[in-house]
Every structure is written in C-alpha cells, then in structure tokens.
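**Student:** Residue 108 in full-length UniProt numbering sits at position 108 of the sequence shown, with consecutive numbering throughout.
Built from N, CA and C at the ideal position, the CB exists for glycine as well.
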Amino acid sequence: MLPVDLHGGWQTLAGFPPGLEVKVLADDLDESARSGARTRLVRFAPGAATHSQLVHAYWEEAYVLSGDLYALADTPGRHANTPSYSCRPPGTPHGPFASAHGCVLFEVQYFMRRQHP
1 MLPVDLHGGW QTLAGFPPGL EVKVLADDLD ESARSGARTR LVRFAPGAAT HSQLVHAYWE
61 EAYVLSGDLY ALADTPGRHA NTPSYSCRPP GTPHGPFASA HGCVLFEVQY FMRRQHP
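(1) Residues in the same chain with beta-carbon distance under 8 Å from LEU13, minus the five sequence neighbours each way, listed in chain order, please.
(2) Could you check how far apart the C-beta atoms of PRO17 and HIS51 are, in whole angstroms? I think they sit under 8 Å.
(3) What are the boundary residues of the beta strand (DSSP E) that THR39 is part of?
(4) If we call anything under 8 Å between Cβ atoms a contact, is GLY67 one with VAL104?
(5) Specify, as a first and last residue, the run of the beta strand (DSSP E) that GLN53 falls within.
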C-alpha cells in the first residue's frame, strides 16, 4: 500500500465549477476504446455544487467517505451522509450535486469486460 496525501496534490476538475477537486489514484480509462478503469477521490468544498446532469458510457461507483452530498433534484433535507454508496450503470443520468458542509468521495469508473460464451 502507498500513503495518500489528503491535504495536497488536489487538482481542479476541468469543466466543473470552482470548489470541486480531484486526486487521481489510478487511471487507464480509455473512453474511445471503451476499456480500462479509473479510481479517484473527489472533494467538494462546503457549498460547492455542480450545475448539470452527467451521463457516462462507463460504470461508475461512488462512496461518500466523509461529509454530505445530495442531488439537487432530491427532496430538500435528503442528504447522502457518510457512509453512502451508489452504483450507476452506463447511460444513467445523475446530478447535479451539491454539498452543504463539504465531502470527499471515492469513485471507481470502469468499462465492464465483455462476457464470452
């Protein structure tokens, strides 16, 4: 195992509003070849929010490690507090999301290997 610095080394998420940062742990996800996987931490600052719905061609699993996260379309007061988990098959619309107090997510994104008969 390798240590993970949770204080430094975060990068802004391209195309996302301020307050969202990512720390990539492993990445060989190739969307054009529809292969590979990515694991990363995603951090929302307190009050940070995304503004649009997302849809991916790959599977995505997200686990809320700390803090709170909620979908803006959810019923007010319905937050995904620690611990929370979601698994989204390819093509599943999700978001936009927000965090009142900030949060850290562990995400795994991957293309499923084809099953051969």
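**Tutor:** This is what the structure holds:
(1) Take LEU13, set aside five residues on each side of it, and the residues of its chain with a beta-carbon closer than 8 Å to its own are LEU20, GLU21, VAL22 and VAL42, in chain order.
(2) PRO17 to HIS51, Cβ: 6 Å. Contact.
(3) Start and end: 37 to 44.
(4) Yes, these two residues count as a Cβ contact at 8 Å.
(5) Where GLN53 is concerned, there is no enclosing beta strand (DSSP E), because DSSP gives it neither an H nor an E.
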